[in-house]
Amino acid sequence: MRVLPDQTGIAKTFDYVVPEAWAGRVQVGSRVRIALGPRRVGAWVTEVDVEPPPGVTLKPLAKLSGHGPSAELIELARWAQWRWAAKTPVPFLRTASPERNVDGLPARPARTQPVPAVADPVVGPLLADALSGGPTVLRLPPTADLAAVAQGAASLGDALVICPSHRMARHLAVRLRRAGVPVALHPDEWARAAAGGCTVIGTRAAAWAPVPDLAAVVVLDEHDEVHQEERSPTWHARDVVVERARRRGVPCVLTSPMPTLEALRFARLVRADRATERAGWPAAVVADRTEEPPGRNALFSPQLVDVVRSGARVLCVLNQKGRAALLGCAGCGEIVRCDACHAAVAKPGDELVCRRCGTTRPVICATCGSIDLKVIRMGVNRVVEDLEALSGERVVAVTAETPAAEVDSARLYVGTEAVLHQVGRADVVAFLDLDQELFAPRYRAAEQALGLVARAARIVGGRGEGGRVLLQTRAPEHEVCRAALLGDPERVAVVEDERRAMLGFPPHLALAEVGDQAGEAFVAALSASAPPEVQVQGPVDGAWRVKAPDHQVLCDALAAVHRPPGRLRLSVDPLRV
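Numbered continuously in numbering that gives the first Met the number 0, the sequence shown closes out at residue 576.
Okay, structure coming up:
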């Protein structure tokens with residue numbers, strides 16, 4: 000019996016003998032405990048019927064803990080180790096294992112009735128095409144019923160549905176159970192999932208859930224960043240289940256109101272007609288702030304003042320708890336942006352510096368030539384004070400740290416994007432400073448900004464439901480604003496694809512980031528051994544970027560480097576670049 004210790008610092012496997020009393024109970028994936036040196040540690044069985052080296056007497060396994068990941072998931076974990084440059088497959092096997100020991104599995108449930116056909120007028124006509132095989136991006140308007148997609152996948156058999164939040168996962172589980180579909184909610188019902196005969200629903204970790212008879216895979220809101228692990232290894236649930244579906248030969252559907260360019264590169268696109276898609280986006284109003292002088296006192300546009308005084312329920316979104324800085328021209332009111340990539344610039348010294356691509360230029364407005372640049376500062380606390388003074392009412396502040404019990408019933412809210420997740424319905428969602436999102440130095444800034452608008456759509460409803468989204472900006476012609484006004488995410492995708500191709504960002508190449516104590520030694524070894532198409536850039540802020548034409552070249556190059564001692568952060572497809 001060959002086992003892999005549950006120790007992140009150990010990449011080696013070890014051989015042990017199975018006690019006779021456990022004969023027939025230990026299989027690939029079983030969780031066991033072994034004597035390793037002076038300690039007893041957990042481990043997974045990775046191979047059975049292994050011949051020991053001649054003359055070696057094997058120790059027996061110390062304990063049989065219970066069920067663990069299947070042989071299929073162990074192989075998938077080995078692939079993920081390569082794909083995200085992990086030292087061992089241990090992080091993935093931990094995610095694939097139950098949170099508590101599972102000694103036995105419950106009886107497999109039997110379906111008592113067929114799954115009802117999907118009657119949703121938006122989703123129904125598209126599902127047959129989307130579920131016809133291979134990875135498919137299903138572009139649905141933000142207000143579409145995602146439970147209908149999950150129900151359509153469950154009609155094929157045991158489906159795996161990945162949700163961006165626990166709240167959505169619980170909601171879908173209730174909906175499917177009412178439709179007569181046996182459901183296992185991951186991770187709490189891991190054993191039920193492992194028994195088979197049910198659709199498995201969960202968040203990111205459910206990409207590694209056991210589904211013995213997998214028939215279809217669905218990732219809801221594929222664009223949402225929560226599907227990616229921020230800690231190293233930076234694996235993405237979307238990519239894990241796409242590979243899993245490929246190995247099983249089952250359909251894989253990725254839904255999103257505005258799919259990422261990465262998904263569009265490897266999956267075919269299925270979408271609703273323009274009229275249906277446009278109706279599913281909210282009515283949008285763009286408040287042009289260009290003519291207003293930069294400065295922290297101009298917090299509210301006339302349009303927002305009218306909305307606040309109208310008695311409507313309003314959510315104000317400002318994605319900064321403290322104070323964020325943008326440079327604005329005092330002469331023409333334009334946001335000062337990079338000439339190359341259009342991100343916001345900073346002024347750390349005597350020049351303007353782009354925090355996204357590193358381009359520098361003199362301290363001058365490219366639009367009107369003025370050298371009088373002002374810092375625009377806004378923060379949640381300041382907005383709450385001013386909004387209370389304007390409305391004469393209590394305003395509830397919401398951030399990610401705000402307990403749910405404190406988000407009580409009110410008419411006016413101000414918060415970071417957390418307010419979009421903690422308040423269910425509103426008449427108006429106002430983005431007080433959309434420019435902070437549009438011109439952020441992150442290469443996915445435009446996608447992320449449109450994603451916030453799509454999230455707001457689920458709060459105010461589609462065009463026919465009376466709600467509105469108010470976008471305050473000094474860039475009213477930006478592609479995100481145009482996409483929101485027209486309900487057409489294609490406008491962002493086209494511009495973003497051209498921009499990333501020019502700057503050399505994914506999906507036009509594969510990217511990794513290397514840092515921490517052992518980063519310099521690792522990069523030195525990589526530079527000496529990697530093929531010429533692998534480029535190493537940096538260091539910038541203590542980190543190096545590694546670029547390659549595709550993931551095959553990149554991951555092969557990273558895997559070939561011997562890891563030096565010391566802490567090493569190695570992030571493939573880093574989220575915050």
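Virtual Cβ for every residue (Gly too), placed ideally from N, Cα, C.
Predicted model only: the values in this text are computed from it and were never measured.
DSSP state of residue i, grouped into three classes?
i	result
P90	helix
I458	helix
V577	This structure gives no information on residue 577, because the portion of the chain shown stretches from 0 to 576.
L219	coil
F13	strand
H235	strand
A20	helix
Q435	helix
S255	strand
V316	strand
C64	Looking at the sequence shown, residue 64 is not Cys but Ser. Here S64 sits in strand by DSSP.
A474	coil
D128	helix
Q227	strand
W43	strand
Q6	coil
C554	helix
V422	coil
Kindly identify the DSSP beta-bridge partner or partners of residue i.
i	result
E512	R544 and S570
Q534	K546
A396	V413
E276	DSSP, once it has assigned bridges, lists no residue as partnering E276.
A345	V352
V199	L159 and A183
P134	C251
F430	V316 and L470
T359	V352
On the CB-based measure, 16 or more other CB atoms within 10 Å of its CB, does residue i come out buried or exposed?
i	result
K546	buried
N380	exposed
R575	exposed
I200	buried
A388	exposed
Q599	Look at the range of the chain in this structure, 0 to 576, and you will see that residue 599 is not part of it.
P250	buried
H235	buried
D432	buried
A271	buried
S570	buried
P488	buried
D5	buried
V47	exposed
A274	exposed
A22	exposed
S64	buried
Given a cut-off of 7 Å, decide if residue j and residue i are closer than it, judged by their beta-carbon atoms.
i	j	result
R107	G179	no
P538	L508	no
S369	C315	no
A172	V182	yes
V239	A190	no
C331	V344	no
V395	A417	no
L437	V479	yes
L470	V285	yes
T359	E333	no
R473	R288	yes
L298	D496	no
R174	A146	yes
L35	V136	no
A517	P563	yes
A129	V210	no
A76	R32	no
V382	V413	yes
V148	V241	no
W280	G486	yes
I458	A425	yes
S390	V307	yes
R1	V55	no
G8	P68	no
Is residue i near the ligand MG, going by C-beta to nearest heavy atom under 6 Å?
i	result
R176	Looking at this structure, you won't find the ligand MG or any other ligand, since it has none at all.
Point to revise | Sufficient close CB pairs (3 or more, under 8 Å) joining the region 9-20 to the region 33-45 | key: Look at the beta carbons and you see the region 9-20 touching the region 33-45: at least three pairs across the two are nearer than 8 Å.
Point to revise | contact_flag[the region 218-226, the region 105-115] where n(CB pairs < 8 Å) is 3 or more | key: Too few Cβ pairs lie closer than 8 Å, so no.
Check your understanding: Is the number of C-beta pairs between the region 549-556 and the region 74-91 that are closer than 8 Å three or more?
Key -> Yes: at least three Cβ pairs fall under 8 Å.
**Study point:** Touching by the beta-carbon criterion (3+ pairs, under 8 Å), the region 432-448 and the region 391-409
**Key:** No: the two stretches stay apart, fewer than three of their Cβ pairs being nearer than 8 Å.
Review point. Between the region 458-465 and the region 524-533, do three or more beta carbon pairs fall short of 8 Å?
Key: With the cut-off at 8 Å, the region 458-465 and the region 524-533 do not touch.
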